[in-house]
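What the sequence shown shows, in numbering that gives the first Met the number 0, is residues 0 to 184, in sequence order.
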Amino acid sequence: MAFWDFLTGKKKVAKTAMQRSRAQREMLARAPIQKKKERKKYVSAEKIAEDPVISFSKQLTNVQRDIEEVQSTLVSGFKGLREDHHKIMDEQATKNDFSEFKKYLEEKKSQLERMREEVDRELEMLDIDKKIASLVERRKMRATEVAKELKISRQYAAMRLSELTKYNVVEQIRKGREIYYRLKK
0 MAFWDFLTGK KKVAKTAMQR SRAQREMLAR APIQKKKERK KYVSAEKIAE DPVISFSKQL
60 TNVQRDIEEV QSTLVSGFKG LREDHHKIMD EQATKNDFSE FKKYLEEKKS QLERMREEVD
120 RELEMLDIDK KIASLVERRK MRATEVAKEL KISRQYAAMR LSELTKYNVV EQIRKGREIY
180 YRLKK
């Protein structure tokens, strides 16, 4: 029966004091109490005292194993990417038809032109903001006065002034119904 328990993975259950045979009980009773205590101390000391260097070494070994697994995964992934890159480059080199390349260049050109338009608009706004800042630096002005000086629309001047106010470059001063702007000091 013990062999079958061993194969199935069942552990042998320790017998209680009542289940032990008479011979076992007498043998335990005859054994000196001193030896029992010494044996228990030795067993408990074995369980508790583990060398800290060995424990740390085990942890380092586990970390090293994990790093090696991750590294091997990354290396294999990079190899796959490199192979795919070379395949694509070979395909591009063997093609005689440059229509796709021309299409790519045209798309890139239109994208750069859009970006240039956006940059031009930004530069224009920065130029106007600079002029507005120099005007309101000398004295406090209303949005209509700024628009007349710079020869731009009143709405555009008010919009740029509110942006400058938002960024704490210019401050608003309200006097009755009028709003004046001046450079923040």
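Quick reminder that beta carbons are idealized off the backbone N, C-alpha and C, glycines included.
Note that this is a predicted model, so its numbers are computed, not measured.
- Between residue 170 and residue 128, the C-beta spacing is not below 9 Å.
- The C-alpha of residue 140 is placed about 13 Å away from the C-alpha of residue 183.
- Annotation: residue 180 is outside any alpha helix (DSSP H); the continuous beta strand (DSSP E) that includes it extends over 177-182.
- Taken through DSSP and simplified to helix, strand or coil, residue 172 comes out as strand.
- Partner residues in a beta bridge of residue 158, as assigned by DSSP, do not exist.
- With respect to the 9 Å criterion, residue 134 and residue 149 are classified as neighbours on the basis of their beta carbons.
- If you ignore the 5 residues before and after residue 76, its C-beta comes within less than 7 Å of no other C-beta in its own chain.
- For the set 168, 142 and 86, the Cα lying nearest the Cα of residue 177 is the one of 142.
- Taking C-alpha positions only, residue 106 is separated from residue 119 by approximately 20 Å.
- In the DSSP annotation of this structure, the continuous segment of the alpha helix (DSSP H) that includes residue 102 starts and ends at 98-137.
- Boundaries of the alpha helix (DSSP H) around residue 147: 142-149.
- DSSP places residue 152 outside both helix and strand once states are collapsed to three, so it counts as coil.
- The alpha-carbon of residue 86 is positioned some 35 Å away from that of residue 63.
- An exposed status is given to residue 166, since fewer than 16 other beta-carbon atoms sit within 10 Å of its beta-carbon.
- A residue is called buried when at least 16 other Cβ atoms come within 10 angstroms of its Cβ; residue 172 does not meet this threshold and is exposed.
- Taking C-beta atoms under 8 Å as the contact rule, residue 156 and residue 146 qualify, at a distance of about 4 Å.
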